[in-house]
Amino acid sequence: MGIVGLESQRLWFRPYTSADLDFYASLWANPEVVRYIGDGKPKSRQEAYQRLQRIIAGYSQGFGLMAIWHMQQQRLVGQAGLVQQTVEGRVETEIGYWLAQQYWGWGLATEAATRFRDYAFQELHLFRVIALIQQGNQASKSVARKIGMVYERDVTYHGRRVQLYKLEE
Numbered sequence: 010m011g012i013v014g015l016e017s018q019r020l021w022f023r024p025y026t027s028a029d030l031d032f033y034a035s036l037w038a039n040p041e042v043v044r045y046i047g048d049g050k051p052k053s054r055q056e057a058y059q060r061l062q063r064i065i066a067g068y069s070q071g072f073g074l075m076a077i078w079h080m081q082q083q084r085l086v087g088q089a090g091l092v093q094q095t096v097e098g099r100v101e102t103e104i105g106y107w108l109a110q111q112y113w114g115w116g117l118a119t120e121a122a123t124r125f126r127d128y129a130f131q132e133l134h135l136f137r138v139i140a141l142i143q144q145g146n147q148a149s150k151s152v153a154r155k156i157g158m159v160y161e162r163d164v165t166y167h168g169r170r171v172q173l174y175k176l177e178e
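Note that our numbering numbers the sequence shown so that position 24 is 33, with each residue one more than the last.
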C-alpha cells in the first residue's frame, strides 16, 4: 500500500489485520461512534468482520482506512485514511477519520486528517481531497475546516444527502 508506518506527532497509522477484529468490532458496536457513519446503526461482530475483510482486501488498490495506534497510550484509538468514493458519478479521494469515543476531544481526528491531507498532496500528488459529512456531524465539519477544507455542496451519497467538503492543492 505504500503507507505502512505512516506517522504523525502522536499517532502511527498501519493497515488493519484480521487480529484487529475486536477493536474494529468495538467501533461498530458503539451507537455514538457510528451515529454519522453510513446508516448510523451499529453493526454486529459478523458484519464488522465482513467490513474489515473488505478493508484489508482493498489495500491492494492503494487506499483504505488504517488502524490508528496512539504511541503514548500504546493502543488502537480509531481509524483514518484515504478512501476512493464515487460521488454523483465522479471518483473522489476522501479523507476518512473516526475514533473510539473515549478519545474524542483529544485533537486526534484533526492530527490524523492533517497527516492524510499532507500524504495525499505531498506524496501521492493528488490535487483534490474531500470529506463526506452528514448534516448533524459538527465535530467532523470542524475537523474538515481545521485542515483547510471548505464546504462545496450537498450531494446524494448512497441514497443520503450529505455535505461535501473539499480541499484543492
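Each residue gets a CB set at the ideal place from its N, CA and C atoms; glycine is no exception.
Treat the numbers as computed from the prediction; the structure is a model and nothing was measured.
Start-to-end residues for the alpha helix (DSSP H) that takes in residue i
i: W113; result: No alpha helix (DSSP H) contains W113, which DSSP labels as neither H nor E.
i: Q172; result: Premise fails: Q172 lies in the beta strand (DSSP E), R169 to E177, not in any alpha helix (DSSP H).
i: Q88; result: It is not in any alpha helix (DSSP H) - Q88 instead sits in the beta strand (DSSP E) that spans R84 to V96.
Closer than 7 Å to chain C by CB, residue i
i: G90; result: Here chain C cannot be found, since the structure has a single protein chain.
Assumed close pair residue i, residue j - CB separation to whole angstroms, cut-off 8 Å
i: E103; j: L61; result: About 19 Å separates the two Cβ atoms, so there is no contact after all.
i: W78; j: L20; result: 7 Å
i: V92; j: Y112; result: With 8 Å as the limit, V92 and Y112 do not qualify as a contact, their Cβ atoms being about 20 Å apart.
Same chain only: Cβ atoms within 7 Å of residue i, ignoring 5 sequence neighbours per side
i: V152; result: Y106, A118, T119 and A122
i: A38; result: P51
i: Q110; result: N39, E41 and V42
Identity of the residue in the options nearest residue i by Cα
i: R44; options: V164, E178 and Q147; result: Q147
i: A76; options: L36, H167 and I156; result: L36
i: E16; options: D127, G145 and F32; result: D127
i: R54; options: L30, L133, G47 and R154; result: L30
Where the beta strand (DSSP E) containing residue i begins and where it ends
i: A76; result: G73 to H79
i: G105; result: R99 to L108
i: D29; result: Premise fails: D29 is in no beta strand (DSSP E) and is neither H nor E.
Local Cβ density within 10 Å of residue i, reported as buried at 16 or more and exposed below that
i: F136; result: exposed
i: S27; result: exposed
i: D163; result: exposed
i: Q80; result: Just to set this straight, residue 80 is Met in the shown sequence, not Gln. Its Cβ having fewer than 16 others within 10 Å, M80 is exposed.
i: Q88; result: buried
i: S69; result: exposed
i: E177; result: exposed
i: R170; result: exposed
i: G49; result: exposed
i: R99; result: exposed
i: G90; result: buried
i: V159; result: exposed
i: E2; result: Missing from the structure shown is residue 2; the chain here goes from 10 to 178 and no further.
Beta-carbon proximity list for residue i, same chain, < 6 Å, skipping 5 on both sides
i: P40; result: P51
i: K150; result: I142
i: G11; result: With a pLDDT of only 47 at G11, under 50, the local geometry of the prediction cannot be trusted, and the value read off the model is given with reservation. Result list for G11: empty, nothing under 6 Å.
i: G157; result: L176
i: R84; result: none
i: A34; result: R54 and A57
Cut-off 8 Å between Cβ atoms - residues of its own chain near residue i, not counting five sequence neighbours on either side
i: G67; result: G73
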